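For the sequence shown, my numbering begins at 723 and goes up steadily by one.
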Amino acid sequence: MIFILNGPNLNLLGQRQPEIYGYETLDDVARACATHGAALGLEVDFRQSNHEGALVEMIHDARASAQGIIINAAAYTHTSVAILDALQAFDGPVIEVHISNIHRREAFRQHSYISARADAVIAGCGTQGYLLALDHLAVQLA
Ligand code: CA2
């Protein structure tokens with residue numbers, strides 16, 4: 723089982739700022755991940771929350787249920803030591819994904835707390851980044 727965790731406001735994907743985040747909705751991304759994961763032999767549990775503590779608890783759930791985590795912590799990427807600490811308590815591979823290239827955006831988006839734990843970071847590939855992360859996990863977990 724692979725947990726794919728999404729942070730605040732990603733439930734609005736496809737509804738605003740398509741020039742940055744594209745036209746796909748989060749449901750579209752969830753479906754694409756389920757299909758691609760199945761082709762790779764990976765079951766996917768795709769979740770989103772607007773609440774920091776809920777994301778922390780999802781990462782705690784992953785300790786018992788997931789072989790790997792793909793996480794787009796959205797704005798919490800840039801603020802959350804709590805999410806970093808939760809990820810530090812997870813033993814498997816962690817892939818950080820960003821739809822946009824955070825490094826060519828505002829200065830406040832250019833630091834990630836998540837990167838201190840991530841085994842790999844994918845940014846700027848659009849929603850394809852989630853599928854690339856699944857490809858990488860399939861190799862890592864083989
Ligand atoms: O590029 C990414 O994936 C981000 O993690 C997205 C976050 C942003 O805070 C990070 O700096 C980079 C924002 C997610 C909110 O997405 C929306 C999508 C459509 C409309 C409104 C928000």
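Don't be surprised by glycine CBs; every beta carbon is placed ideally from N, CA and C. All of these numbers come straight from a predicted model, not from anything done at the bench.
query: Which residues mark the beginning and the end of the beta strand (DSSP E) in which Glu-818 is found?
result: 816 to 820
- request: Identify which residue in Ser-802, Met-723, Glu-774 and Ile-793 has its Cα closest to the Cα of Gly-763.
  value: Met-723
- prompt: Between Met-780 and chain C, is there a C-beta pair that is closer than 9 Å?
  reply: In the displayed structure, chain C is absent; only one protein chain is listed.
- prompt: If you drop the 5 nearest sequence neighbours on each side, which residues of the same chain put their C-beta closer than 6 Å to that of Ala-797?
  reply: Pro-730
message: Quick check: Ile-897 and Ala-845, are their CB atoms within less than 9 Å of each other?
response: Lying outside 723 to 864, the shown extent of the chain, residue 897 is not represented and no answer is given.
task: Take Ile-805 as the anchor and find which of Ala-788, Gly-775, Arg-831 and Gln-789 has the nearest alpha-carbon.
output: Gly-775
task: Using alpha carbons as the reference points, say which of Leu-854, Leu-856, Thr-849 and Leu-863 lies closest to Pro-740.
output: Thr-849
- request: Please determine, among Leu-809, Ser-802 and Asn-794, the residue with the shortest C-alpha to C-alpha distance to Arg-872.
  value: Within the shown structure, residues of the chain are numbered from 723 to 864, placing residue 872 beyond reach of any answer.
- request: Assign Tyr-745 to buried or exposed, taking buried as 16 or more other Cβ atoms, counted over all protein chains shown, within 10 Å of its Cβ.
  value: exposed
query: Phe-768 and Asn-728: beta carbons closer than 9 Å?
result: Closer than 9 Å, so yes.
- prompt: With respect to the alpha helix (DSSP H) encompassing Asp-813, which residues constitute its N-terminal and C-terminal limits?
  reply: Here Asp-813 belongs to no alpha helix (DSSP H), and DSSP marks it neither H nor E.
field: Range covered by the alpha helix (DSSP H) that runs through Leu-777
entry: Looking at the DSSP string, the run of the alpha helix (DSSP H) that includes Leu-777 is 774 to 787.
task: Kindly examine the ligand CA2 and report whether one of its heavy atoms sits closer than 8 Å to the Cβ of Tyr-745.
output: no
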